[in-house]
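K.L.:
Residue numbers (the UniProt record's numbering): 1 to 120.
1) Beta-carbon within less than 8 Å of residue 46's beta-carbon, same chain only, minus the 5 sequence neighbours each way: which residues are those?
2) To test your reading of the DSSP string, which unbroken alpha helix (DSSP H) runs of 4 or more residues are found completely within the region 39–115?
3) State the Cα-Cα distance for the pair residue 26 and residue 91, rounded to the nearest angstrom.
4) Tell me, please, whether the region 47–54 touches the region 101–111 by the rule of three or more beta-carbon pairs shorter than 8 Å.
5) Quick one: grab the DSSP three-state call for residue 1.
6) Applying the 10 Å Cβ sphere with the 16-neighbour rule, what's the burial state of residue 9?
7) Just to confirm before moving on: does the CB-CB distance between residue 128 and residue 72 stay below 8 Å?
8) Just confirm the distance between the C-beta atoms of residue 197 and residue 30, as a whole number of angstroms; I'd bet it's less than 8 Å.
9) At the level of alpha carbons, what is the spacing between residue 87 and residue 28?
10) Here's a check: name, in chain order, each residue in its chain whose Cβ is nearer than 7 Å to the Cβ of residue 80, leaving out the five neighbours to either side.
11) From the DSSP output, which residues share a beta bridge with residue 12?
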């Protein structure tokens, strides 16, 4: 068993509850961690024995840039759905963290983060 990770993936989206968030847009940052058997890929050096992180990046970016959500909880859940639909036959488990930096809250903090995980 092993893990494939994409760290600090940036996407520009039009998500949020506030009207200006859907008009102006904002960046979201994601961490995606995929747990799957990696031994065959390690032994054979064959891309077909693993999940291509390039494909995961493209699939998630395309999906998030083409759909708008109110909540980053929904964004995170949708990413888990995408991973299951496309890679569920190889995946054992996935963990997704979604961070939002420009949150319309009066206060000082770096970001708000949602973390969800799923077994496949």
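Think of the CB as a built atom: it goes at the ideal place given N, C-alpha and C, for glycine as much as any other residue.
P.N.:
Straight from the coordinates:
1) Reading the chain shown from its first residue, position 46 is the one you call residue 46. Only 40 meet the Cβ criterion.
2) 39–44, 53–65, 72–87
3) Start at 1 with the first residue of the chain shown, and residue 26 comes out as number 26. Start at 1 with the first residue of the chain shown, and residue 91 comes out as number 91. When rounded, the distance between both Cα atoms is 30 Å.
4) no
5) As a position in the chain shown, residue 1 is number 1, starting the count at 1. Residue state, collapsed to three classes: coil.
6) Residue numbering aside, residue 9 sits at position 9 when the chain shown is read from its first letter. Under this definition residue 9 is a buried residue.
7) Outside the shown range of the chain (1 to 120) lies residue 128, about which nothing can therefore be said.
8) The first residue shown for the chain is 1 and the last is 120, placing residue 197 beyond what the model contains.
9) As a working mapping, residue 87 is identified with position 87 in the chain shown. As a working mapping, residue 28 is identified with position 28 in the chain shown. Using only the alpha carbons, I get a separation of about 23 Å.
10) Position 80 of the chain shown, counted from the start, is the residue given in the question as residue 80. Once the five neighbours on either side are set aside, the close Cβ partners of residue 80 are 94, 96, 116, 118.
11) Position 12 of the chain shown, counting from 1, holds the residue named residue 12. In DSSP, residue 12 forms a bridge with 27.
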